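First the structure, in the form of structure tokens, and then the observations on it.
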Amino acid sequence: MLRRILLAAVLAGAAAPAFAAGESGMSDAFKGFGSNTKEPIQIEANGLEVQDKDRTAVFTGNVNVRQKDTVLKTQRLRVFYEGKAAEGLAQASAGGGSQQIRRFEAEGRVLITQKDQTVTGETGWFDMQKQTAQIDTNVVLTQGKSVAKGEHLKINLKTGQYTLEGSRVIMILEPKSPDAAPPAR
């Protein structure tokens, strides 16, 4: 049992770079998890199953991942890692734990929120080695009153560039009020 708790802590700490993204725009919803790696990451779920042989950990049922003001919610989160749980703990303690996580896969109503931005879809994956992510099926991005809809959202986590695809992409842009203050940088 202690080993599972330690592995969950390792995975949570090592996951920090998973959602890194660009400096501005709707892709900021992915930025929070990688922007401040000193902030703790909390993962809550109804269940956790660790399969050391397959090097996976599966969080199930009302999964919530939080770092500061960025939140990921889904029904099932599978984490693929390299090495053994004990090795991952040692590397994470030394600040090198992010190399242990290869990939995340989220299933079942994926929701990512960060301040006034949200991204939703049915499934998503995040590849830490390639620094890419994708959210699929009924994708909706919102920032304030602006909305973009499509079927596949592909994100380059290094550059913050994203591509929204689908049979018909829809975007509604809400103009800024002339009295509104410029965004803080």
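Using the working numbering, you'd call the opening residue of the sequence shown number 967 and step up by one each time.
Using N, Cα and C, we set each Cβ at its ideal position, and we do this for glycine too.
Remember, it's a predicted structure, so these values are computed and weren't measured experimentally.
Residue i, enclosing beta strand (DSSP E) - first and last residue
| i | result |
| --- | --- |
| residue 1115 | 1112 to 1122 |
| residue 1036 | 1036 to 1047 |
| residue 1013 | 1013 to 1017 |
| residue 1131 | 1128 to 1131 |
Euclidean distance between Cα positions of residue i and residue j
| i | j | result |
| --- | --- | --- |
| residue 1068 | residue 1095 | 6 Å |
| residue 1115 | residue 1092 | 20 Å |
| residue 986 | residue 1077 | In this prediction, residue 986 scores a pLDDT of 34, lower than 50, which makes its location untrustworthy; the coordinate-derived value is nonetheless stated afterwards. One C-alpha to the other measures close to 16 Å. |
| residue 1048 | residue 1022 | 9 Å |
| residue 1122 | residue 1141 | 26 Å |
| residue 980 | residue 1102 | Confidence at residue 980 is low in this model, with a pLDDT of 37, below 50, so the placement of that residue is unreliable and no value is reported for it. |
| residue 1063 | residue 1070 | Confidence at residue 1063 is low in this model, with a pLDDT of 45, below 50, so the placement of that residue is unreliable and no value is reported for it. |
| residue 1031 | residue 1133 | 31 Å |
| residue 1131 | residue 1083 | 19 Å |
| residue 1099 | residue 1090 | 7 Å |
| residue 1045 | residue 1026 | 11 Å |
| residue 1143 | residue 1136 | 22 Å |
| residue 1110 | residue 1017 | 41 Å |
| residue 1075 | residue 1086 | 7 Å |
| residue 1061 | residue 1107 | Residue placement at residue 1061 is poorly supported in this model, since its pLDDT is 43, which falls under 50; the coordinates still yield a value, given next. If you take the alpha carbons of residue 1061 and residue 1107, they lie about 33 Å apart. |
| residue 1104 | residue 1012 | 26 Å |
Within 9 Å, strictly: CB atoms of residue i and residue j
| i | j | result |
| --- | --- | --- |
| residue 1036 | residue 1080 | yes |
| residue 1029 | residue 1010 | yes |
| residue 1073 | residue 1041 | yes |
| residue 1129 | residue 1119 | yes |
Residues bridged to residue i (per DSSP)
| i | result |
| --- | --- |
| residue 1100 | 1091, 1120 |
| residue 1079 | 1037, 1084 |
| residue 1024 | 1015, 1044 |
Residue i Cβ short of 8 Å to the ligand HEM heavy atom set
| i | result |
| --- | --- |
| residue 1122 | Ligands are entirely absent from the displayed structure, and the ligand HEM is therefore not among its contents. |
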